[in-house]
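Peer 1:
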């Protein structure tokens, strides 16, 4: 996060989020009414979207469907065994009551005990199997979703990934996937049980007792399991989506605050930043409150209805006993199993509430995983030429979306970089230099024009081949948490220690590595927190040197180095160019790139000068000459 971004006002923070799709401000300002209105307007689209999401989830995690079916069947058997325990107890109580009334003999104790012990053991085994396969489904679904997410994000990187907030991406990869797992492990099995188990019980009551008792029980099960969960469902749908998005904002806020601790303390913005966090918590609470009120009513009804219908069954049954159409022992059995019979349908409300979160998270995952990659793999890639690679940029134009509309970043650029030669690209901030570098590695494709590497259109080359032939170092390359060795080996896992030390020497890290007690195994910390900014840039340079690619692209990769170290690095780069490597340097210091074969000056996305550094420096009114004078004046000051 830029230090300057700490000074955003709370109002600006709110308006920015409103534009991001969920409309949290509308939730907190207009309240529940606006949520209901929006839900009515988009109900059809939501239902269609959910059908798409369900189909996508089932297809993505189709490998869990077999164990999911087993878990569902075991869940049904477990619930039926539980009811069988109540039924055996009811039969025993009924027989005992009939014996007391002089209408029969009391039940035998040992057979009754045997049934209870056997059913209890069976219930335990079935429960274990249900939990085993249920957890297998849960963890397998988590693994599948995370692997699929990574596979979908990889083609979008790095250009698309940079346009997203890191905290939001982290939330989708962790919390959202955890919530989607609920759809498989905690939704489908309870739903199957809620449909099948009550049906078996109602049919059994109707067959062995009476149709009237079966009707009362069926009415109670339907009301409790399928009508009560719908209370407030429409009112909470928007609130659930809002809460999911608000959690992503909170994660991003915390992530930025941790990374920007230094600037926040230095500018005295800590208290205001904490106030922003408190405001986010209030907004999350507001969104959750809408669903909490309806959930409270549902919980109260779920506690009352099973017992209420049990009493109603008893009253109806007593009338039938008095009329002589029903035995008292049978009535006791029905009453005893009526309350536990509500168990499967009581779970419906739990997974319906969780299902709202699951669908909200699934939608966020679906959106990110189906985003169009900035560069698509060719259907039939051609082979990249061997040897040194030349680069031909022909009439390339790029426009990027901005808050004010489309912004032209590059306009009809023509450049030719012969194989084994060097090119430096200079220009002011926003002139399109970094975009040009991104085009070369196909982090994005141009709107028009062609880029050829080794004589082949880059869009016809496999991304793996193209990027494998190139090494690119940006101004702020990411360092993984780990050691210097582990970060360098990312570029070339087969590199020897000698190659690693040579690369460090070329990047100006040789003396530092030699002084460190652990040498190449020195820890760098998260994002290189244990080393300076200049050292982090040199590690990134060494990593590129380890790769030993055919094309080296340096995108202001020495901006944090002092002049002495930068000259040392450039000396190494010159030696690589002399050995036949194609070099492209995007520079901010003019003095260090005057050795290159060719220099291009960009201004507002257009190529305004192109030639050798010596020739361009002699054009008194030229752009490059002006940049040289400006740099000289800054050094003299």
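Residue numbers (this note's numbering): 303 to 939.
Where a beta carbon is used, it is the ideal one built from N, C-alpha and C, also for glycine.
These figures come from a predicted structure and were not determined experimentally.
1) Taking the C-alpha atoms as reference points, what is the distance between residue 701 and residue 711?
2) Out of curiosity, what's the CA-to-CA distance linking residue 496 and residue 448?
3) Report the start-end ranges of each alpha helix (DSSP H) in the segment 744-804 that is 4 residues or longer and not cut off at the edges.
4) With a 10 Å radius around its C-beta and 16 neighbouring C-beta atoms as the bar for buried, classify residue 684 as buried or exposed.
5) What residue does the alpha helix (DSSP H) around residue 483 start on, and which one ends it?
6) Cα separation between residue 491 and residue 653?
7) Within the continuous alpha helix (DSSP H) that includes residue 920, where are the two ends?
8) Quick one: grab the DSSP three-state call for residue 333.
9) On the premise that residue 733 lies in contact with residue 905, defined as a C-beta separation below 8 Å, what is that separation, rounded to the nearest angstrom?
10) Rounded to a whole number of angstroms, what is the C-alpha to C-alpha distance between residue 853 and residue 774?
11) Confirm, please, whether the CB-CB distance from residue 902 to residue 717 is below 8 Å.
12) Around the C-beta of residue 531, are 16 or more other C-beta atoms found within 10 angstroms, so that it is buried, or is it exposed?
13) Taking just the CA atoms, how far does residue 620 sit from residue 387?
14) Between the alpha carbons of residue 757 and residue 570, how many angstroms are there, rounded?
15) Taking the DSSP output, what are the residues bridged to residue 709?
16) Residue 934: which of 894, 909, 908 and 911 sits nearest, CA to CA?
17) Okay, do the segment 507-524 and the segment 620-639 touch, 3+ Cβ pairs below 8 Å being the bar?
18) Could you give the DSSP three-state label for residue 326: helix, strand or coil?
19) Residue 485: which of 725, 686 and 440 sits nearest, CA to CA?
20) So which of 907, 456 and 915 has the shortest CA-CA distance to residue 738?
21) Which residues does DSSP pair with residue 384 in a beta bridge?
22) Classify residue 932 as helix, strand or coil using the three-state DSSP reduction.
23) Any idea what DSSP makes of residue 828, helix, strand or coil?
24) I believe residue 408 touches residue 391 by the beta-carbon criterion, under 8 Å. Please report the beta-carbon distance rounded to the nearest angstrom.
25) Using CA atoms only, rank isn't needed, just tell me which of 780, 352 and 699 is closest to residue 749.
26) At a cut of 8 Å, does the segment 722-733 reach the segment 659-677 through at least three beta carbon pairs?
27) Who are residue 902's beta bridge partners in DSSP?
28) If you draw a straight line from the alpha carbon of residue 327 to that of residue 646, how long is it in whole angstroms?
29) Within a Cβ cutoff of 8 Å, which residues of the same chain sit near residue 479, ignoring the five residues on either side of it in sequence?
30) Could you check the C-alpha separation between residue 366 and residue 471 for me, to the nearest Å?
31) Is the CB-CB distance between residue 680 and residue 769 below 8 Å?
32) Comparing C-alpha positions only, which one of 548, 494 and 838 sits nearest to residue 377?
33) Given that a residue counts as buried once 16 or more other Cβ atoms are within 10 Å of its Cβ, and exposed if not, what is residue 529?
34) Output needed for residue 695: all residues of its chain with C-beta closer than 6 Å, excluding positions within five of it in sequence on either side, in chain order.
35) Rounded to a whole number of angstroms, what is the C-alpha to C-alpha distance between residue 332 and residue 585?
36) How far does the beta strand (DSSP E) with residue 853 in it extend, from its first residue to its last?
Peer 2: On the basis of the data shown:
1) As a working mapping, residue 701 is identified with position 399 in the chain shown. As a working mapping, residue 711 is identified with position 409 in the chain shown. Going from the Cα of residue 701 to the Cα of residue 711 covers about 5 Å.
2) Position 194 of the chain shown, counting from 1, holds the residue named residue 496. Position 146 of the chain shown, counting from 1, holds the residue named residue 448. Taking the straight line joining both Cα atoms gives about 30 Å.
3) DSSP runs (the alpha helix (DSSP H)) wholly in the segment 744-804: 765-770 and 786-790.
4) If you number the chain shown from 1, residue 684 lands on position 382. Exposed: under 16 other Cβ atoms inside 10 Å.
5) Locating residue 483 in the chain shown gives position 181, where the first residue counts as 1. For residue 483, the uninterrupted alpha helix (DSSP H) segment begins and ends at 479-487.
6) Position 189 of the chain shown, counted from the start, is the residue given in the question as residue 491. Position 351 of the chain shown, counted from the start, is the residue given in the question as residue 653. Distance between the alpha carbons of residue 491 and residue 653: 10 Å.
7) Counted from its first residue, the chain shown places residue 920 at position 618. Judged by DSSP secondary structure, residue 920 falls outside any alpha helix (DSSP H); it is assigned neither H nor E.
8) The residue you call residue 333 lines up with position 31 of the chain shown. In this prediction, residue 333 has a pLDDT of 39, which is less than 50 and means its spatial position is unreliable; nothing more can be read from the coordinates.
9) As a working mapping, residue 905 is identified with position 603 in the chain shown. As a working mapping, residue 733 is identified with position 431 in the chain shown. Contact annotation, residue 905 with residue 733: C-beta distance approximately 6 Å; criterion of less than 8 Å satisfied.
10) Residue numbering aside, residue 853 sits at position 551 when the chain shown is read from its first letter. Residue numbering aside, residue 774 sits at position 472 when the chain shown is read from its first letter. So the alpha carbons of these two residues sit roughly 8 Å apart.
11) Start at 1 with the first residue of the chain shown, and residue 717 comes out as number 415. Start at 1 with the first residue of the chain shown, and residue 902 comes out as number 600. Contact flag set, yes.
12) Indexing the chain shown from 1 puts residue 531 at position 229. Counting the other Cβ atoms within 10 Å of the Cβ of residue 531 gives 16 or more, which makes it buried.
13) Counted from its first residue, the chain shown places residue 387 at position 85. Counted from its first residue, the chain shown places residue 620 at position 318. About 23 Å.
14) Reading the chain shown from its first residue, position 455 is the one you call residue 757. Reading the chain shown from its first residue, position 268 is the one you call residue 570. One C-alpha to the other measures close to 55 Å.
15) Within the chain shown, the letter at position 407 stands for residue 709. Paired residue(s): 702.
16) Here residue 934 refers to the residue found at position 632 when the chain shown is read from its first residue. Among 894, 909, 908 and 911, the Cα nearest to that of residue 934 belongs to 894.
17) Short answer: they touch.
18) Along the chain shown, one-based indexing puts residue 326 at 24. No answer about residue 326 holds up, because its pLDDT of 33 lies below 50 and its placement is not dependable.
19) For this step, residue 485 is matched to residue 183 along the chain shown. When only C-alpha atoms are compared, the closest one is 440.
20) What you label residue 738 is simply residue 436 of the chain shown in a count that begins at 1. Looking only at 907, 456 and 915, the smallest Cα-Cα distance to residue 738 is reached by 907.
21) By one-based count along the chain shown, residue 384 stands at place 82. Paired residues: none, contrary to the question.
22) Residue mapping note: residue 932 aligns to position 630 of the chain shown, counting from 1. Residue 932 carries a helical assignment under DSSP once its states are collapsed to helix, strand and coil.
23) Here residue 828 is taken as the residue at index 526 of the chain shown, counted from 1. Here residue 828 sits in helix by DSSP.
24) Locating residue 408 in the chain shown gives position 106, counting from the first residue. Locating residue 391 in the chain shown gives position 89, counting from the first residue. Not quite, the Cβ-Cβ distance comes to about 14 Å (not below 8 Å), so this is no contact.
25) On the chain shown, residue 749 is found 447 positions in, with the first residue counted as 1. Of the candidates 780, 352 and 699, the one whose C-alpha sits nearest the C-alpha of residue 749 is 699.
26) Fewer than three pairs of CB atoms, one per stretch, sit closer than 8 Å, so the segment 722-733 makes no contact with the segment 659-677.
27) For the purposes of this step, residue 902 is taken as residue 600 along the chain shown, with counting starting at 1. For residue 902, the pairing in a beta bridge is given by DSSP as 727 and 912.
28) The residue you call residue 327 lines up with position 25 of the chain shown. The residue you call residue 646 lines up with position 344 of the chain shown. Residue placement at residue 327 is flagged as unreliable, the pLDDT there being 35, under the threshold of 50; the coordinate-derived value follows with that caveat. Each residue's Cα considered, the two are about 38 Å apart.
29) In the chain shown, residue 479 corresponds to position 177, counting from 1. Result list for residue 479: 444, 447, 448, 451, 663 and 667, in chain order.
30) In the chain shown, the residue the question calls residue 366 occupies position 64. In the chain shown, the residue the question calls residue 471 occupies position 169. When the Cα atoms are used, residue 366 and residue 471 turn out to be separated by approximately 25 Å.
31) Counting from 1 along the chain shown, the entry for residue 680 is found at position 378. Counting from 1 along the chain shown, the entry for residue 769 is found at position 467. With contacts defined as CB atoms closer than 8 Å, residue 680 and residue 769 fail to qualify as a contacting pair.
32) By one-based count along the chain shown, residue 377 stands at place 75. Per the Cα distances, 494.
33) By 1-based counting over the chain shown, the position of residue 529 is 227. Classification of residue 529: exposed, given that the 10 Å Cβ count is below 16.
34) Taking the chain shown and counting its residues from 1, the one referred to as residue 695 is at position 393. If we look at residue 695 and ignore the five residues flanking it on each side, its Cβ neighbours are 715, 717 and 753.
35) Against the chain shown, residue 332 aligns to sequence position 30. Against the chain shown, residue 585 aligns to sequence position 283. Below a pLDDT of 50, predicted positions are generally treated as unreliable, and residue 332, at 40, falls in that range; the measurement from the model is reported next regardless. Taking the straight line from one Cα to the other gives about 13 Å.
36) Taking the first residue of the chain shown as position 1, residue 853 is located at position 551. For residue 853, the enclosing beta strand (DSSP E) covers residues 853-857.
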